[in-house]
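Counting from 9, one number per residue, gives the positions in the sequence shown under this note's numbering. Encoded as structure tokens, the structure appears first; notes follow it.
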Amino acid sequence: MASKYVIKLHDIMAFFKDEEKLVSKGENAVESGHVNSLVSDADLHLIRGKVHASMKDRQYNVEVEFDSDWVIQSATCNCPRGQLRCHHMAALILFARDNISVTDKECVWSKPKQVRDSEVKKLSDLYPPKDHRSTARDLTEEEIKQFRQKLSVFDGSVGFSWLLSEESDQEENAGSPITVDIESLIFHEDYVTADYKLRYLEDQLKVDDESIKLIAEQTVGQQSNPRWLLARKNRLTASNFSAVIAACGRQRFPPSLFKRLLGTYNMEHLKAIQWGNMHEKEGIQSLEDSLNVKVVPTGIWLHECGYLGASPDGLVGENDIVEVKCPYRYRDISLLDDIKSSRNYIIVSDEDGNI
Numbered sequence: 009m010a011s012k013y014v015i016k017l018h019d020i021m022a023f024f025k026d027e028e029k030l031v032s033k034g035e036n037a038v039e040s041g042h043v044n045s046l047v048s049d050a051d052l053h054l055i056r057g058k059v060h061a062s063m064k065d066r067q068y069n070v071e072v073e074f075d076s077d078w079v080i081q082s083a084t085c086n087c088p089r090g091q092l093r094c095h096h097m098a099a100l101i102l103f104a105r106d107n108i109s110v111t112d113k114e115c116v117w118s119k120p121k122q123v124r125d126s127e128v129k130k131l132s133d134l135y136p137p138k139d140h141r142s143t144a145r146d147l148t149e150e151e152i153k154q155f156r157q158k159l160s161v162f163d164g165s166v167g168f169s170w171l172l173s174e175e176s177d178q179e180e181n182a183g184s185p186i187t188v189d190i191e192s193l194i195f196h197e198d199y200v201t202a203d204y205k206l207r208y209l210e211d212q213l214k215v216d217d218e219s220i221k222l223i224a225e226q227t228v229g230q231q232s233n234p235r236w237l238l239a240r241k242n243r244l245t246a247s248n249f250s251a252v253i254a255a256c257g258r259q260r261f262p263p264s265l266f267k268r269l270l271g272t273y274n275m276e277h278l279k280a281i282q283w284g285n286m287h288e289k290e291g292i293q294s295l296e297d298s299l300n301v302k303v304v305p306t307g308i309w310l311h312e313c314g315y316l317g318a319s320p321d322g323l324v325g326e327n328d329i330v331e332v333k334c335p336y337r338y339r340d341i342s343l344l345d346d347i348k349s350s351r352n353y354i355i356v357s358d359e360d361g362n363i
């Protein structure tokens, strides 16, 4: 039991305003021993834990963010109600209130595992195959290949195309994973107990030149490549760098910023994003034709520090990169006429006025 509460009861009730029953259910969950683990970091003002479901043999992941005064800012849970409010959040917060004090810097707690005398079953026994098939005959490899090619035009938006994708060869898999998962790193016991956390992170995230090139090769395809999504997660990239700098200047770090760093925002429905994805290949093809060059696709390129990176749209030779921009605002007007009158661009033209 904490000697002095760092999380105030009135802040808990304010967070669950109009849903007091969730607090009551959370208390019952704590008393029933449903909180299985708790990790807290006083520097990040963050707690994370696992809470057992009430009626099912499963547990949910809960995360709660606080401000510098330990007032609850946001909470998430992967249960069906977790995007709103749920009693799993209340259970973890109440458990943390009783087990975290103002003198604690870090806290790691796990509920002791109970040994069960359950019989070990094979997966085939738990999930016996169903007597069903959708085709009158087995498909040939050529038919599967043709179907995969038809799906590829949707650029990864069809989930089944990932299931049909060809497996990576052993040589490629042998070098993976190259990047360090930052989220797992900051909740690792070594980080929690480290005396100099910043130095520990910097040492763990450093990458050499060979790894930088290998990561770039393995993340080609970018949005359609799961490795690219993993490599960008929680890192400062060209697309989020300005938002992070602005937040540092204001000394305000809203939950939306962390969602952006996690890559959980899906902006594919935005017309500007759809417009850019639709015309990016046309822009690259136009560049290749006009300059008689070959643009080579690439992935993310990390700085040697390991937490800075950028993903250009392509490479030309060894010293040039390509970044294609297809502004949605120019969809119905002449780009050439507009940029001539704009102060946002540097325009170089010859004696005849040609750009």
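Even for Gly, the Cβ is constructed at its ideal location relative to N, Cα and C.
- Counted as a single uninterrupted DSSP element, the beta strand (DSSP E) harbouring Ala318 occupies residues 316-318.
- In the DSSP secondary-structure assignment, Ile329 is bridged to Leu323.
- Restricting attention to Lys333, Lys129, Cys87, the CA atom closest to the CA of Glu290 is found in Lys333.
- Closest in C-alpha terms to Met21, from the list Ser62, His95, Ala50, comes His95.
- Taking a C-beta distance under 8 Å as the contact criterion, Glu312 and Val215 qualify as a contact pair.
- The C-beta of Val128 has fewer than 16 other C-beta atoms within 10 Å across all chains shown, which makes the residue exposed.
- Distance from the Cα of Val200 is smallest, within the candidate group Lys16, Glu150, Asp49, for Asp49.
- Shown here, Leu209 sits in a helix according to DSSP, grouped into three states.
- Assigned with DSSP and collapsed to three states, Phe249 falls in helix.
- DSSP, read as helix, strand or coil, puts Leu244 in strand.
- DSSP links Phe74 through a beta bridge to Ile80.
- DSSP, reduced to helix, strand and coil, places Ser232 within a helical segment of the structure shown.
- Following the DSSP letters along the chain, one finds Ile101 inside the alpha helix (DSSP H) bounded by residues 95-107.
- Per DSSP, Gln259 lies in no alpha helix (DSSP H) and is assigned neither H nor E.
- The three-state reading of DSSP puts His196 in coil, since its state is none of H, G, I, E or B.
- Of the residues assessed, His18 falls on the exposed side of the cut-off, its CB having fewer than 16 other CB atoms within 10 angstroms.
- Shortest Cα-Cα distance from Val70 to any of Leu92, Asp77, Ser219, Pro305 involves Leu92.
- In this structure, Leu316 sits near Leu244, with a CB-CB distance shorter than 8 Å.
- Under DSSP, the beta-bridge partners assigned to Trp309 are Ala318.
- A Cβ-Cβ distance of about 6 Å is found for the pair Val188 and Leu213, placing them in contact under the 8 Å criterion.
- Taking Pro320 as reference, the option from Val303, Lys241, Tyr336, Gly314 with the minimal CA-CA separation is Val303.
- Within the DSSP secondary-structure output, Val304 pairs in a beta bridge with Leu323.
- Contact between the stretch 56-65 and the stretch 97-106 is present: three or more C-beta pairs spanning the two stretches fall below 8 Å.
- Taking every protein chain shown into account, the CB of Thr143 has fewer than 16 other CB atoms within 10 angstroms, so this residue is exposed.
- Contact check between the stretch 195-210 and the stretch 231-240: fewer than three CB pairs, one atom from each, fall below 8 Å, which does not count as touching.
- Of His42, Glu218, Ala280, the smallest CA-CA separation from Trp309 is found for Glu218.
- Ranked by Cα distance from Thr84, the options Asp77, Ser76, Tyr68, Trp78 are led by Tyr68.
- Cβ-Cβ separation between Gly271 and Leu237: approximately 6 Å, consistent with a contact (criterion under 8 Å).
- When the beta-carbon positions are compared, Thr306 and Gly322 come within less than 8 Å of each other.
- Judged by their CB atoms, His53 and Ser82 are not nearer to each other than the 8 Å cut-off.
- Secondary structure of Tyr68 (DSSP, three-state): strand.
- By the neighbour-count definition (other C-beta atoms within 10 Å, threshold 16), Cys87 is a buried residue.
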